[in-house]
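Letter by letter, the sequence shown follows residues 6 to 343 of my numbering. Every residue gets a Cβ at the ideal spot worked out from N, C-alpha and C, and that includes glycine.
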Amino acid sequence: MKKRFAFLALLLAVLLLAACGQHEHQWIDATCTEPETCSICGETRGEALGHRWKSGGCTEPQTCARCGETSGEAPGHDWQPATCAAPETCAVCGETRGEPAGHSWQPATCTAPETCTVCGETQGEALGHDAAPADYWSASVCARCGEELAPALTPDFVAYGLDAHLIERGKTYDYSTVCYDDESFSTVGKASVTSYTVTPGDGEKLEVREGYSWHIVTFEIVFDDDNAYNYGISPDIAYEDYYDIRHHDDTMDYDDETGRSSFDIVFKGVTYRGIFFLENSYSGWSGHSNTWTCSFYLQLPDGYDGAVVGLIDGHNDWGDGDYVFDLDNSGSLFFRLS
């Protein structure tokens, strides 16, 4: 009996081996961790697929795209500080939280629009400077920021070097001119400003105008040389503007009826009309001496300091269109009214 059972067991094993060698495999697809496997006999072929890891972002760990298995821990957000225009933002995934910090606006200035002191962003326009043009009395300065935009203008008497010939009251100066009867002869006198007065006027000879005053300057020149005695005297006078010679001369009008001249004065942005006339006389010869007296009358706006009167070197020949700075003024004498 024992032999019979042993034989049957051996026969069953042989049959099974024979059957496995003859069946068709039923393959189960490979997985991340297992190769293809026969569902009947367990035979394998190929390799396991391996995990295909996909980043889980800031809030999830790595996850296999095939099988869903996870690895490690979620890394968490990498928060960047809020800016003026954006809230806190994750540098990895772009998620935000909270609110933007908001701009810190610095007010607009003359040269810059409103500007954020944090990020430098701007809005609107610069205010621009608020300044009057420079004139002869003051620079152009912005009323808002105090910046000097342009220096005060240079007076013509300075620009042309005529201020070097300004004289003082009470001092005596040599004055050279040509002789009246024969200009090939010259004479030199002793000149001085003997008086300078300011008055509102008398309502008769000197018209009274509100905002104006009369300035009266008297020159005396004493001639006592032979040329003056024998050939006469020919003084040459001038009345100019210390600041703007051209404008003064170009606006000058002479009235034949009254013997007076009028001219424009631009004083701190306002245009005024000045008046000028002249009175002169000779004392007559006393021995070899003759005194020429000349009084300049100018009606000027109150406070104006730009009127200049004087004596031009008589050897000059004024040409059409000439201004005083076109002449040789080496022997000229100017007195500035204050």
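Distance between beta carbons of Leu316 and Ile242, contact taken as under 8 Å: 6 Å
What are the complete beta strand (DSSP E) segments, minimum 3 residues, inside the segment 116–182? Complete beta strand (DSSP E) runs here, min 3: 119–121, 153–155.
Minimum length 4: unbroken alpha helix (DSSP H) runs contained in the segment 207–243: 231–236
Distance between beta carbons of Ala157 and Ala144, contact taken as under 8 Å: 5 Å
Can you tell me whether Ile45 is helix, strand or coil according to DSSP? coil
Backbone CA spacing between Cys25 and Gly47 [nearest angstrom]: The predicted model places Cys25 with a pLDDT of 46, which falls under 50 and marks its position as unreliable, so this point remains unresolved.
My output table needs one value for Phe190: the three-state DSSP class, helix, strand or coil. coil
Residues bridged to Phe282 (per DSSP): Tyr302
Shorter than 7 Å, the distance from the beta carbon of Leu211 to the closest heavy atom of the ligand COA, or not? Of ligands this structure carries none, so the ligand COA is not represented either.
So is Ile270 buried or exposed if we call it buried at 16+ other beta carbons inside 10 Å? Flag for Ile270 reads buried.
To the nearest angstrom, how far is it from the Cα of Trp110 to the Cα of Ala90? 13 Å
Per-residue DSSP class, three states only, for Val313: The answer is strand: DSSP assigns Val313 an E or B state.
Opposing strand residues paired with Ala355 [DSSP bridges]: Shown here, the chain extends from 6 to 343; a query on residue 355 therefore has no answer.
Leaving out five residues before and five after Glu65 in sequence, what residues of the same chain have Cβ atoms less than 6 Å from its Cβ? Ala79
Around the C-beta of Thr116, are 16 or more other C-beta atoms found within 10 angstroms, so that it is buried, or is it exposed? exposed
Closest by C-alpha distance to Pro138, when choosing among Asp318, Thr38, Ala155, Asp179: Among Asp318, Thr38, Ala155, Asp179, the Cα nearest to that of Pro138 is on Ala155.
Please state the DSSP three-state secondary structure of Arg251. Three-state DSSP puts Arg251 in a helix.
Buried or exposed: where does Val183 fall if 16 or more other Cβ atoms within 10 Å of its Cβ makes it buried? buried
Buried or exposed (CB count within 10 angstroms, at least 16 for buried), Trp323: When all chains shown are included, Trp323 counts as exposed.
With the cut-off set at 8 Å, would you say Ser337 and His170 are in Cβ contact? Yes, Cβ-Cβ distance for Ser337 and His170 is below 8 Å.
Counting C-beta neighbours from all protein chains within 10 Å, is the total for Ala312 16 or more, i.e. buried, or is it exposed? buried
Three-state secondary structure (DSSP) at Val97? coil
Asp258 in three-state terms, based on DSSP: Asp258 falls in the strand class under three-state DSSP.
So, at 7 Å on beta carbons, what are the nonlocal neighbours of His220 in its own chain, with the 5 sequence-adjacent residues on each side left out? Val203, Leu303, Leu305, Ala312, Leu342
Whole-angstrom Cβ separation of Asn295 and Phe228, contact assumed at under 8 Å? Indeed, because the Cβ distance is near 5 Å, the residues count as touching under 8 Å.
Opening and closing residue of the beta strand (DSSP E) in which Val329 lies: Where Val329 is concerned, there is no enclosing beta strand (DSSP E), given that its DSSP letter is neither H nor E.
Reducing DSSP to helix, strand and coil, say where Cys355 ends up. Residue 355 lies beyond the residue range present for the chain, which begins at 6 and ends at 343; the question has no answer from this structure.
What span of residues does the beta strand (DSSP E) with Ser266 cover, start to end? Ser266 -> beta strand (DSSP E) spans 265–272.
Touch check for the segment 278–296 and the segment 232–241: three-plus C-beta pairs under 8 Å? yes
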